[in-house]
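Undergrad:
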Amino acid sequence: MTKKYLGQRMTRTEDPRLLTGQALFVDDVQVPGMLHAAFLRSDYAHARLKSIDVSAAKGRTGVVAVFTAEDMGDAWRPSPPNVSPPPGMPGVTFHSRTPVPLVKDKVRHAGEALALVIAESRYIAEDAVEDIWAELEPLDAVVDLETALDPDAPHVHDGLESNLAAHLTQEKGDYEAARDQADVVIKRRLAIDRCAAGAMENRGIVAHWDPKSEHLTLWDTTQAPIPIRNGLAALFGLAAPQVRVIAPFVGGGFGPKIMLYYPEEVVLTWATMQLGRPIKWIEDRRENFFATTQERGQVHHAEIAVTKEGRVLGIRHDFVHDTGAYNPYGLTIPLNTQSHSMGAYDIPNYYSDLKVVFTNKTIVTPVRGAGRPQGIFLAERLLDLAAKELGMDRLEIRKKNLIPPDAFPYEHKIIDQAFAPLIYDSGNYAATLEKAAAMIGYEEFLKEEQPRLRAEGKHVGLGIVPFVETTGVGPYEGARVTVETDGRVSVATGVGTQGQGHFTSFAQIVADQLGVSPRDVRVVTGDTSEFHWGTGTFASRGAVVAGNAINAAAASVRKKVLALASKVLDTPEEELELVDGLVRVAGLPDQSVGLGELAVMANPLRGAVEPGTEPGLESTDYFGPQYGAVANGAHALILEVDPETMMIEIKRYVTVEDCGTVLNPLIVDGQIHGGVALGIANSYYEQLIYDENGQLLNASLADYLIPTATEIPRVEIGHEVTPSPLNPLGSKGVGEGGTIPVPSAFAQAIEDALSDYGLEVLEMPLSPNRLFELVHQRDA
Amino acid sequence: MSNLLTVSLNVNGTQYKRTVEPRLLLSDFLRHDLGLTGTHVGCEHGVCGACTVLFDGQPVRSCLMFAVQANGHEVTTVEGLGTPENLHPIQEAFREKHGAQCGFCTPGFLLTLVPFLEDNPDPTEQEIREAISGNLCRCTGYQHIVDAVQFAAERMKA
Amino acid sequence: MKLEGEYVFDGPREAVWELVRDPEVLATALPGTQSLEQVGENEYVGNMHVRIGPVAGVFDGRIIVSDEVPPESYTLAVDGRGAPGFGNGTGHVQLFEQDDGKTLMQYQGDMQVGGRLASVGQRLIDTASKSMIQQGLESLNNALQARMVAEAEGTDVEYVPPTEAEFAAAVAKDMAGEMLPSRQVIGIVVAAVAAAVVAMVVAIVWLGARKED
Chain A
557 MTKKYLGQRM
567 TRTEDPRLLT
577 GQALFVDDVQ
587 VPGMLHAAFL
597 RSDYAHARLK
607 SIDVSAAKGR
617 TGVVAVFTAE
627 DMGDAWRPSP
637 PNVSPPPGMP
647 GVTFHSRTPV
657 PLVKDKVRHA
667 GEALALVIAE
677 SRYIAEDAVE
687 DIWAELEPLD
697 AVVDLETALD
707 PDAPHVHDGL
717 ESNLAAHLTQ
727 EKGDYEAARD
737 QADVVIKRRL
747 AIDRCAAGAM
757 ENRGIVAHWD
767 PKSEHLTLWD
777 TTQAPIPIRN
787 GLAALFGLAA
797 PQVRVIAPFV
807 GGGFGPKIML
817 YYPEEVVLTW
827 ATMQLGRPIK
837 WIEDRRENFF
847 ATTQERGQVH
857 HAEIAVTKEG
867 RVLGIRHDFV
877 HDTGAYNPYG
887 LTIPLNTQSH
897 SMGAYDIPNY
907 YSDLKVVFTN
917 KTIVTPVRGA
927 GRPQGIFLAE
937 RLLDLAAKEL
947 GMDRLEIRKK
957 NLIPPDAFPY
967 EHKIIDQAFA
977 PLIYDSGNYA
987 ATLEKAAAMI
997 GYEEFLKEEQ
1007 PRLRAEGKHV
1017 GLGIVPFVET
1027 TGVGPYEGAR
1037 VTVETDGRVS
1047 VATGVGTQGQ
1057 GHFTSFAQIV
1067 ADQLGVSPRD
1077 VRVVTGDTSE
1087 FHWGTGTFAS
1097 RGAVVAGNAI
1107 NAAAASVRKK
1117 VLALASKVLD
1127 TPEEELELVD
1137 GLVRVAGLPD
1147 QSVGLGELAV
1157 MANPLRGAVE
1167 PGTEPGLEST
1177 DYFGPQYGAV
1187 ANGAHALILE
1197 VDPETMMIEI
1207 KRYVTVEDCG
1217 TVLNPLIVDG
1227 QIHGGVALGI
1237 ANSYYEQLIY
1247 DENGQLLNAS
1257 LADYLIPTAT
1267 EIPRVEIGHE
1277 VTPSPLNPLG
1287 SKGVGEGGTI
1297 PVPSAFAQAI
1307 EDALSDYGLE
1317 VLEMPLSPNR
1327 LFELVHQRDA
Chain B
10 MSNLLTVSLN
20 VNGTQYKRTV
30 EPRLLLSDFL
40 RHDLGLTGTH
50 VGCEHGVCGA
60 CTVLFDGQPV
70 RSCLMFAVQA
80 NGHEVTTVEG
90 LGTPENLHPI
100 QEAFREKHGA
110 QCGFCTPGFL
120 LTLVPFLEDN
130 PDPTEQEIRE
140 AISGNLCRCT
150 GYQHIVDAVQ
160 FAAERMKA
Chain C
5 MKLEGEYVFD
15 GPREAVWELV
25 RDPEVLATAL
35 PGTQSLEQVG
45 ENEYVGNMHV
55 RIGPVAGVFD
65 GRIIVSDEVP
75 PESYTLAVDG
85 RGAPGFGNGT
95 GHVQLFEQDD
105 GKTLMQYQGD
115 MQVGGRLASV
125 GQRLIDTASK
135 SMIQQGLESL
145 NNALQARMVA
155 EAEGTDVEYV
165 PPTEAEFAAA
175 VAKDMAGEML
185 PSRQVIGIVV
195 AAVAAAVVAM
205 VVAIVWLGAR
215 KED
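This is the structure:
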């Protein structure tokens, strides 16, 4: 098999449709007889629902139905958890509380849905929402992570003794002993605050129950159509084949579009089955700030123990993770944090105490990075503090502690988000870091440029950090590859696509296996009618897991093609080659048969298919990695701060990424650019601000500042390649790598730029106001 | 409903006449009444720019206008720029330079850029970035979009 | 957020105290008031339609008066809820007789807002609420003067309260003077703050709006 297409910077097959407005997004779906939904959402973050009066709303012209929790009867129940609670591990406390379709007795976060209005148009539905009167008795809200476990804190969930959602500890070696041996021990409190994913397309669902065919179709902006289909079928007593979930083109996922199950998915399905009519619900941007999940809130009390030569003996952190009002996603995010709290380093001793708390805020589920940025922030800040304390160069201390290239697979002796041992499969961390240092001109900057600019009164700083990223996790994905009778190839896989270019990169994999042009490979993703085994697009796993399944299926089809062609051309398989849609005898180009012809021959109109074989040139295959491949990289940036306005300008931004085998460098570059943009946003521009009553104070794009083209710099990208031994393609994921280390690098750069102020940046995000405060606190 | 008004307007070269409520947003009118779903709605408060269309040749936020305000005017949406078989140079440039990932914000960028490039056939990178600073993109980090604009400017000059 | 300020009424303290105990005056002094009734010894409920800029809605308010020391001071607890959100707070009001026959009113309060009011109105809430209170008190001062004139001349009180629109315009103009993002934002924010703050304003001056005896 020649690698003609894999690794090519191919432009995307799907672009002509997207660029001309011909691609279908959920809100573009029109079904005859379709009704429109709007929700009444609670303004209070914590309140008892005493009563709800929907009579006026029902009476409004154009309103077809108004539903409350009472109306749902026995169908009302909390969703099943998205991620299973930890299998009875000793020492783990876990209380699962999942979202409800509509509030029945108690509101637990601002924006929780109280009632559902179905009307002839969205305009009428929204009018009717204002006709509804809900009698709510406000309660004190739990907002701050650090006081959520105080004995007098109100309880988010009445059945529990406190707001503790989970507690577990992890250890490696003996941190206390390490601490005793250390020359220097540094302790700090680190805090990271929430951000929104902010996809440009808000969520949306069109739910269509057709009573005559007893079939449910759901168009949904979900990243995981298959679990939604299976789950809804189970919830509503349907057979899985009666349910079809389609994720068409989706305008950005970034994590929150993979919650199972959003209340809207459940209640709209129930409603369409009640009314027997299709119903469309499209979230508006303000709803998105409340009803779509968020992430990042954690507070760590961390310490690092080092020798005076700069060798890290151990790291410990006790931390609190904010899960919001419910915890459907289990422990994924904080376990990811733990998995990354040792960074790219060989740390012999580690201890972590994790407490997860409920608060009266929007539910927390992964947002691009999913707990990893916080872990890397911890590791990198601690190393920077140690470097300062020891008077060591920050690159030097890092190089001293990086996992060496011959130490793989490196076993960390703690568990990861899949409750499996954390193992880093491959990488050359020193090479990556050195490359980044070379690209940013580390030596020259520190020795020449920076002193020169400082003499001119400019506050410039450099930040450089290595990072790791767990990617490509299981359980598995699958794919079906078929050679069609016209010679083109069809591919179906279960993951969804939200801009990652699957239609092109997956085609490139097949193209190499079958000797066709990627433009003749038609890929379908995210439609459970086309493929219904698998999980979804998240955790930087789409290309790795689905890609490898597609590769396996294409390889199987290749075998069938060769076997059949060998008979047809009366030539041994080894002498055949697949080129330009033909199977040819090597060296005898006239002796060939087209793939399409073969496909026809493989589906006989007369004669039987031989036992043990199948008609057609088709195969379905699956891939499940042993464990997740670990990508790595390094980021470096140079920025300038204006100490009067605290506005920053990023002068240069460099990333070096090792994601193993690259399928399409154009697409990978795009993923890195986008990831870095979110990382920069997480560092300086975006922060969800809640007041003490759980009210979100900046629930609009006017106040929640998503960076524009004037804030995001050009990103220079370098690559290292250490193929992963965990999958045949050798790939590792790259979807989140751009985001993960940015706040760490940013913090270092800001401290460096404002070194005359002696700042310590122990929180993310910063902002001009906050930086101003920090600088002036130091003065005082 | 009471109070319906007639609106006559030209969209992408075709004349339309419809009866609508005064409060119907132009974005909803284009998308649902006329079926031109290429214009996307990202925020309904005028910040994200995904809903940008040309109104008598000038970029406007269609989520902040009422359909009735377009009475007697000319509107251009992304469907009026090109087709998959026949891309406008700026669409071609976006394809060449991978300026779109999920594609949701893209029509808004394209409609902002068409008049910009007409008025500024030779823009600097900074000018390009300022011109698109009213359009949010969450996927691309803007770099390939800027590349696409530079590429389009080159092509369109020739 | 904290609300505090003062206002000088052009009249003696007794007259001010009486004025603010007159339910008719109060109900008309603030535009949009739809109803006000006493439901307990020191408890009132009412609702007010607020329409300023693009935000409109009916707010239901409950006011509880306490710590009355006529004609010096009182405390109010207010709870207002409606479609645009909610607002609640506590305020303490004091009246001081001045030498020149005028009365100084001082108020300190604590208010919380939620819903659209909180998520859209944040940046301008302080300015908007101060302005609304000022405008409301000015309106009452005009009512006071009209009353005093009528008493002096033995005629009927001629007082025309401001319309909702005039009230809103005055507030907007106030705020524009203080700080200026776009008018549109002011309009939205003023509207957003309107109901909660008005509930507070109303409460501050609605003291004693209970039946005599």
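Residue numbers (my numbering), protein chains in the order written: chain A, 557 to 1336; chain B, 10 to 167; chain C, 5 to 217. Cβ coordinates follow ideal geometry from the N, Cα and C atoms, glycine included.
1. On the criterion of 16 or more Cβ atoms from any shown chain inside 10 Å, does residue 131(C) qualify as buried, or is it exposed?
2. Against residue 679(A), what residues of chain C qualify as contacts under a CB-to-CB distance less than 9 angstroms, listed in chain order?
3. Under 8 angstroms, Cβ to Cβ, is there at least one residue of chain A near residue 121(B)?
4. With a 10 Å radius around its C-beta and 16 neighbouring C-beta atoms as the bar for buried, classify residue 1189(A) as buried or exposed.
5. Only counting the same chain, and skipping five residues up and downstream in sequence, which positions put a Cβ closer than 7 angstroms to that of residue 186(C)?
6. Quick one: complete alpha helix (DSSP H) runs, 4+ long, within the region 759 to 823 of chain A?
7. Got a sec, what are the start and stop residues for the beta strand (DSSP E) residue 747(A) sits in?
8. Between the beta-carbon of residue 1118(A) and the beta-carbon of residue 833(A), is there less than 8 angstroms?
9. Quick check: what's the CA-CA separation for residue 630(A) versus residue 152(B)?
10. On the criterion of 16 or more Cβ atoms from any shown chain inside 10 Å, does residue 22(B) qualify as buried, or is it exposed?
11. Which term fits residue 645(A), buried or exposed, when burial requires 16 or more other beta carbons within 10 angstroms of its beta carbon?
12. Going by C-alpha to C-alpha distance, which of 1196(A), 1201(A) and 1200(A) sits closest to residue 1208(A)?
13. Would a check of beta-carbon distances place residue 777(A) closer than 8 angstroms to chain B?
14. With a cut-off of 8 angstroms on the beta carbons, I'd call residue 1090(A) and residue 1049(A) a contact; round off their distance for me.
15. Say the cut is 7 angstroms; is the CB of residue 1179(A) nearer than that to a heavy atom of the ligand SAM?
16. Any chance the region 866 to 879 of chain A sits against the region 991 to 1011 of chain A, with 3 or more Cβ pairs inside 8 angstroms?
17. Shortest alpha-carbon distance to residue 665(A) belongs to which of 682(A), 692(A) and 676(A)?
18. Look up residue 726(A) in the DSSP assignment and give the residues it is bridged to.
19. Against chain C, which members of the region 599 to 616 of chain A pass a CB distance test of less than 7 angstroms?
20. Would you mind listing the beta strand (DSSP E) stretches within the region 641 to 708 of chain A that are 3+ residues and don't spill past its ends, in chain order?
21. Identify every residue that forms a DSSP beta bridge with residue 67(C).
22. Between residue 560(A) and residue 1221(A), what straight-line distance do the alpha-carbon atoms span, to the nearest angstrom?
23. To the nearest angstrom, how far is the alpha carbon of residue 605(A) from that of residue 669(A)?
24. Going straight from the alpha carbon of residue 1309(A) to that of residue 1015(A), what length do you get?
25. Hey, which unbroken runs of the beta strand (DSSP E) at 3 residues or more fall wholly within the region 904 to 980 of chain A?
26. Which bits of chain A does residue 84(C) rub up against, with CB to CB less than 7 angstroms?
27. Using CA coordinates, which residue listed in 170(C), 74(C), 138(C) and 6(C) is at the minimum distance from residue 17(C)?
28. Along chain A, in chain order, which residues have C-beta atoms closer than 9 angstroms to that of residue 123(C)?
29. From residue 979(A) to residue 729(A), what distance separates their C-alpha atoms?
30. Less than 6 angstroms between C-beta atoms, sequence neighbours within five positions excluded: which residues of the same chain meet that for residue 117(B)?
31. Identify which residue in 1138(A), 890(A) and 954(A) has its Cα closest to the Cα of residue 925(A).
32. Return no unless some Cβ of chain A is closer than 8 angstroms to the Cβ of residue 116(C).
33. Is the region 801 to 811 of chain A in contact with the region 1067 to 1074 of chain A, if contact means three or more CB pairs nearer than 8 angstroms?
34. Taking 8 angstroms as the CB-CB limit, is residue 82(B) close to chain A?
35. Looking at C-alpha atoms only, which residue of 1134(A), 572(A) and 865(A) is the closest neighbour of residue 949(A)?
36. Starting from residue 1188(A) and walking both ways along the alpha helix (DSSP H), at which residues does that stretch end?
TA: In short:
1. Within the third sequence, numbered from 1, the residue matching residue 131(C) stands at position 127. So residue 131(C) counts as buried.
2. Within the first sequence, the letter at position 123 stands for residue 679(A). Simply none; closest approach about 15 angstroms.
3. The residue you call residue 121(B) lines up with position 112 of the second sequence. Answer no: the Cβ-Cβ gap between residue 121(B) and chain A never drops below 8 angstroms.
4. One-based indexing of the first sequence puts residue 1189(A) at position 633. With 16 or more other Cβ atoms within 10 Å, it is buried.
5. To locate residue 186(C), count along the third sequence from 1; it is residue 182. In this prediction, residue 186(C) scores a pLDDT of 47, lower than 50, which makes its location untrustworthy; the coordinate-derived value is nonetheless stated afterwards. Closer than 7 angstroms at Cβ, skipping near neighbours: no residue.
6. Entirely contained in the region 759 to 823 of chain A, the alpha helix (DSSP H) runs reaching 4 residues are, in chain order, 781 to 791.
7. Counted from its first residue, the first sequence places residue 747(A) at position 191. DSSP places residue 747(A) inside the beta strand (DSSP E), whose first and last residues are 740 to 748.
8. Counted from its first residue, the first sequence places residue 1118(A) at position 562. Counted from its first residue, the first sequence places residue 833(A) at position 277. Cβ distance not < 8 angstroms, so residue 1118(A) and residue 833(A) don't count as in contact.
9. As a working note, residue 630(A) is residue 74 in the first sequence. As a working note, residue 152(B) is residue 143 in the second sequence. Approximately 52 angstroms between the Cα atoms of the pair.
10. The sequence position of residue 22(B) within the second sequence is 13, counting from 1. Residue 22(B) should be labelled exposed.
11. Along the first sequence, one-based indexing puts residue 645(A) at 89. Exposed: under 16 other Cβ atoms inside 10 Å.
12. What you label residue 1208(A) is simply residue 652 of the first sequence in a count that begins at 1. Per the Cα distances, 1196(A).
13. The count along the first sequence starts at 1 and reaches residue 777(A) at position 221. Residue 777(A) does not count as touching chain B.
14. As a working mapping, residue 1090(A) is identified with position 534 in the first sequence. As a working mapping, residue 1049(A) is identified with position 493 in the first sequence. Beta-carbon to beta-carbon, residue 1090(A) and residue 1049(A) are separated by about 7 angstroms, close enough to satisfy the 8 angstroms threshold.
15. Among the components modelled here there is no ligand, and therefore nothing to report on the ligand SAM.
16. With a cut-off of 8 angstroms, the region 991 to 1011 of chain A and the region 866 to 879 of chain A do not count as touching, because too few Cβ pairs lie within range.
17. Stepping through the first sequence from its first residue, residue 665(A) is reached at position 109. If we check each option's Cα against that of residue 665(A), 692(A) comes out closest.
18. For the purposes of this step, residue 726(A) is taken as residue 170 along the first sequence, with counting starting at 1. The partner list for residue 726(A) (beta bridge, DSSP) reads 908(A).
19. From the region 599 to 616 of chain A, only 599 and 600 have a Cβ closer than 7 angstroms to chain C.
20. The region 641 to 708 of chain A contains these whole beta strand (DSSP E) runs: 669 to 675 and 689 to 694.
21. Counted from its first residue, the third sequence places residue 67(C) at position 63. DSSP lists 48(C) and 82(C) as partners of residue 67(C).
22. Stepping through the first sequence from its first residue, residue 560(A) is reached at position 4. Stepping through the first sequence from its first residue, residue 1221(A) is reached at position 665. Between residue 560(A) and residue 1221(A), the alpha-carbon positions lie close to 14 angstroms from each other.
23. Taking the first sequence and counting its residues from 1, the one referred to as residue 605(A) is at position 49. Taking the first sequence and counting its residues from 1, the one referred to as residue 669(A) is at position 113. Approximately 11 angstroms between the Cα atoms of the pair.
24. One-based indexing of the first sequence puts residue 1309(A) at position 753. One-based indexing of the first sequence puts residue 1015(A) at position 459. Rounded to the nearest angstrom, the two C-alpha atoms are 5 angstroms apart.
25. The qualifying runs are 905 to 914, 966 to 971 and 977 to 980.
26. Translated into the one-based positions of the third sequence, residue 84(C) becomes position 80. Annotation: residue 84(C) has no Cβ neighbours in chain A at a cutoff of 7 angstroms; minimum Cβ distance is about 12 angstroms.
27. Along the third sequence, read from residue 1 onward, the residue named residue 17(C) stands at position 13. Of the candidates 170(C), 74(C), 138(C) and 6(C), the one whose C-alpha sits nearest the C-alpha of residue 17(C) is 74(C).
28. By one-based count along the third sequence, residue 123(C) stands at place 119. Result: 666, 842, 845, 846, 1251, 1252, 1253, 1254, 1255, 1256 and 1259.
29. Indexing the first sequence from 1 puts residue 979(A) at position 423. Indexing the first sequence from 1 puts residue 729(A) at position 173. Their backbone Cα atoms lie some 16 angstroms apart in a straight line.
30. As a working note, residue 117(B) is residue 108 in the second sequence. By the criterion of a C-beta distance shorter than 6 angstroms, residue 117(B) is surrounded in its chain by 58, 59, 61 and 144, once the five residues flanking it on both sides are discounted.
31. Residue mapping note: residue 925(A) aligns to position 369 of the first sequence, counting from 1. With distances taken between Cα atoms, residue 925(A) lies closest to 890(A).
32. Walking along the third sequence from the start, residue 116(C) turns up at place 112. For residue 116(C), the answer is yes, since a Cβ of chain A falls inside 8 angstroms of its Cβ.
33. Not touching, per the Cβ criterion.
34. To locate residue 82(B), count along the second sequence from 1; it is residue 73. Not an interface residue.
35. Here residue 949(A) refers to the residue found at position 393 of the first sequence. Among 1134(A), 572(A) and 865(A), the Cα nearest to that of residue 949(A) is on 865(A).
36. The residue labelled residue 1188(A) in the question sits at position 632 within the first sequence. DSSP places residue 1188(A) in no alpha helix (DSSP H) but in the uninterrupted beta strand (DSSP E) bounded by 1186 to 1197.
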